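Residue numbers (the working numbering): 1 to 304.
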């Protein structure tokens, strides 16, 4: 399988490193890297990229099987829209900056029969996977998420804290509850761009309280989940799951490797996809609704 990585920032370079490991295991045959910064391309080359380019158009004749978009969010739509004509894609979250752009990509992917995955890497967090496995099909009554960490890059590359951090927890809650009707019960948004946010959502009757912030030096990634007769605390960062007061240490795994292996296996016909463009749209639609002051968001209507 030939894989193209567009954008060699920190995340793009992480992809190159994992793909290099997978190449040694004969799961990837060639790795291409694209960036306008030649110094970044030198780093990619040293990390294992076979060929490097400053323009992604130069790679298309080599017929990559998979393209990975790891660019600033504002560039996602343009590059994804063009590369979709030639290959299946994994787009780092958020799928696009604007909901209308994401819906346009969805319609095009359906017309072309393309696979478009979204990089919600926390779905592959072993603590979240253990939590989901233990909950089973029971719907939580209450979900609380806290995701805090200082932004190290340029805010313009990330849009706002909801698009950068909050979208992870919205996706995790939507995946856990699996309902289409979302009510916005309240929100507090601070900063320009938004750097701290508190949200209260009702997802099909389950309450989701979310707190995200770029305004602290330390990092927190936690979930609290209440069912009728069980209570969970999940520390996604330190790999601890507490069930009804009993602590369980969860073995750490390379989440990016798990994600890339899943994508490759889906394209090989070995696995069914657990994250696709519709998941990217659903989480983005809630953030869009909050920013547009909507009180009710029907996720099912978006994809009709």
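Think of the CB as a built atom: it goes at the ideal place given N, C-alpha and C, for glycine as much as any other residue.
Because the structure is a prediction, the values reported are computed rather than measured.
Applying the 10 Å Cβ sphere with the 16-neighbour rule, what's the burial state of residue i?
i	result
residue 61	exposed
residue 78	exposed
residue 46	exposed
residue 88	buried
residue 270	exposed
residue 252	exposed
residue 293	exposed
residue 73	buried
residue 231	exposed
residue 280	buried
Looking at the strands, I want to know which residues DSSP matches up with residue i.
i	result
residue 198	188, 211
residue 111	Beta-bridge pairing links residue 111 to no other residue.
residue 117	90
residue 203	182, 206
residue 31	3
So the candidates are the options; which of them puts its Cα closest to the Cα of residue i?
i	options	result
residue 165	33, 75, 92	92
residue 113	84, 152, 200	84
residue 245	225, 58, 272, 287	225
residue 206	118, 30, 140	140
residue 4	11, 20, 34, 10	34
residue 176	133, 217, 104	133
residue 212	27, 191, 228, 38	191
Over the uninterrupted alpha helix (DSSP H) stretch that includes residue i, give me the two end residues.
i	result
residue 78	76 to 83
residue 226	Run containing residue 226: none in the alpha helix (DSSP H); it sits in the beta strand (DSSP E), 220 to 226.
residue 49	Taken as a continuous stretch (DSSP letters only), residue 49 belongs to no alpha helix (DSSP H), as it is neither H nor E.
residue 257	255 to 267
residue 127	126 to 135
residue 249	That residue, residue 249, is in no alpha helix (DSSP H); its beta strand (DSSP E) goes 246 to 249.
residue 170	167 to 177
Between residue i and the rest of its own chain, which residues show a CB-CB distance below 7 Å, the 5 nearest in sequence each way excluded?
i	result
residue 36	54
residue 185	200, 201, 202
residue 282	174, 299
How would you write the range of the beta strand (DSSP E) that residue i sits in, first residue to last?
i	result
residue 279	Counting along the chain, residue 279 falls outside any beta strand (DSSP E), though it belongs to the alpha helix (DSSP H) covering 277 to 291.
residue 70	Here residue 70 belongs to no beta strand (DSSP E), and DSSP marks it neither H nor E.
residue 232	231 to 235
residue 4	2 to 6
residue 298	296 to 298
residue 60	From DSSP, residue 60 is part of no beta strand (DSSP E); its letter is neither H nor E.
Looking only at its own chain, which residues have a Cβ that is under 6 Å from the Cβ of residue i, when we skip the five neighbours before and after it?
i	result
residue 250	126, 127, 130, 239, 241
residue 235	222
residue 227	138, 140
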